[in-house]
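Working notes, structure below.
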Amino acid sequence: MAGILAVPLKKPSDVDIIKPLRNLISSTYNSANNQEDHSEAINEFSKLRSNAIWRAFEKNETALEMMNCYYDQICALESKIPPTEVQIPFKWKDAFDKGSIFGGRISLTISSLAFEKVCILFNIASLQSSIAAAQSVDSDEGLKLSAKLLQQAAGIFTHLKGFVMPALQQNPTPDLYPDTLATLSSLMMAQAQEIFVLKAIHDRMKDMIIAKLSSQCVEMYEEVAKQMQKENLKPLWDKDWIPTVCAKQGIYEGIAEYHKSLACKEASAVGEEIARLEV
């Protein structure tokens, strides 16, 4: 979908999770029973992680499904072992990879399942934005899927905003700062609103409805632009992001006024129609 900004993925690193998990499970349950079953499950978990984190770069629905499956398995694992005792050094790189410019960390390594969950959730939201961006504006199903995925991504970024700092207990990479996550959530919601406008136009809804949706879109993009231009965030974004957001603010303001003018014409308010067109 042209113009939808997709959030980049956090960059993962391979890590041996088999030996640490085997040792932890053995010490936790303190029994040789079902040792073979544990080993098989651990091996499958390791394969799932490898497939999920690397196939994410294919940026398709299969990759998203695999990432969701891995996240569910992490949650299941947390319920069976003491998560704070996991000695696996999970290393993840900043999604925007501008640590040296931004003044933050380029990568972070923490032996914590909570950190792994944070990074996987971030990449789930990233994948959702990428898949949303790939949808066709000419397809009703594409518009619906895009809006749904963008709303889900916004929800994840909002959740992470309140979860990251308590979970990590240390400064994260810049992509996981609360302000960054809040801005990404706002961006996803603004883009979802943009899809609602496109669908309203596609469905030939009444002009006042399109105008109202467009005006809401303008307000949302205006807020995103303000957030993006904060001094502590501005260096983080791709060079095209802020101009794109500002351009969309102007575009949808024009669309709103145009459809208001059409609504006025239908109501025979000629003077107001001309005024709208001259804005």
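Residue numbers (our numbering): 1149 to 1427.
Yeah, the Cβ is synthetic: ideal placement off N, Cα and C, and Gly gets one too.
First and last residue of the uninterrupted alpha helix (DSSP H) at residue i
{"i": "residue 1256", "result": "Element bounds for residue 1256: not the alpha helix (DSSP H) but the beta strand (DSSP E), 1255 to 1258."}
{"i": "residue 1263", "result": "1261 to 1281"}
{"i": "residue 1347", "result": "1326 to 1350"}
{"i": "residue 1391", "result": "1389 to 1414"}
{"i": "residue 1357", "result": "1355 to 1376"}
{"i": "residue 1173", "result": "1166 to 1177"}
{"i": "residue 1212", "result": "1209 to 1226"}
{"i": "residue 1294", "result": "1288 to 1316"}
Cβ neighbours of residue i in the same chain (closer than 6 Å, five flanking residues each side left out)
{"i": "residue 1154", "result": "1277, 1278, 1281"}
{"i": "residue 1212", "result": "1275"}
{"i": "residue 1176", "result": "1229"}
{"i": "residue 1283", "result": "1149, 1290, 1293, 1294"}
{"i": "residue 1298", "result": "1280, 1336, 1339, 1340"}
{"i": "residue 1126", "result": "Limits of the chain in this structure are 1149 at one end and 1427 at the other, which puts residue 1126 out of reach."}
{"i": "residue 1365", "result": "1341, 1342, 1345, 1400"}
{"i": "residue 1234", "result": "1261"}
{"i": "residue 1363", "result": "1404"}
{"i": "residue 1410", "result": "1355"}
{"i": "residue 1231", "result": "1261"}
{"i": "residue 1168", "result": "1235, 1236"}
Integer-rounded CB distance, given that residue j should sit under 8 Å from residue i
{"i": "residue 1158", "j": "residue 1323", "result": "7 Å"}
{"i": "residue 1186", "j": "residue 1170", "result": "7 Å"}
{"i": "residue 1354", "j": "residue 1326", "result": "Actually they do not touch by this definition, with Cβ atoms about 40 Å apart."}
{"i": "residue 1160", "j": "residue 1201", "result": "4 Å"}
Close-in-space but distant-in-sequence residues of the same chain around residue i (CB under 8 Å, 5 per side omitted)
{"i": "residue 1196", "result": "1214, 1217, 1218, 1221"}
{"i": "residue 1368", "result": "1334, 1337, 1338, 1341"}
{"i": "residue 1415", "result": "none"}
{"i": "residue 1348", "result": "1357, 1358, 1361"}
{"i": "residue 1210", "result": "1203"}
{"i": "residue 1192", "result": "none"}
Residue range of the beta strand (DSSP E) that includes residue i
{"i": "residue 1240", "result": "1238 to 1241"}
Buried versus exposed, by CB contacts within 10 Å (16 or more), residue i
{"i": "residue 1242", "result": "buried"}
{"i": "residue 1375", "result": "buried"}
{"i": "residue 1405", "result": "buried"}
{"i": "residue 1265", "result": "buried"}
{"i": "residue 1244", "result": "buried"}
Proximity below 9 Å, CB of residue i to CB of residue j
{"i": "residue 1163", "j": "residue 1258", "result": "no"}
{"i": "residue 1321", "j": "residue 1381", "result": "no"}
{"i": "residue 1332", "j": "residue 1273", "result": "yes"}
{"i": "residue 1428", "j": "residue 1315", "result": "Residue 1428 lies beyond the residue range present for the chain, which begins at 1149 and ends at 1427; the question has no answer from this structure."}
{"i": "residue 1238", "j": "residue 1270", "result": "no"}
{"i": "residue 1194", "j": "residue 1152", "result": "no"}
Cβ-based neighbour list, residue i, same chain, cut-off 7 Å, excluding 5 preceding and 5 following
{"i": "residue 1373", "result": "1390, 1393, 1394, 1397"}
{"i": "residue 1300", "result": "1276"}
{"i": "residue 1173", "result": "1186, 1229"}
{"i": "residue 1370", "result": "1397"}
{"i": "residue 1131", "result": "Examination of residue 1131 is not possible in this model, given that the chain is present from 1149 through 1427 alone."}
Residue-level contact to chain D via CB, residue i, 9 Å cutoff
{"i": "residue 1359", "result": "Within the model displayed, chain D is absent; a lone protein chain is all it includes."}
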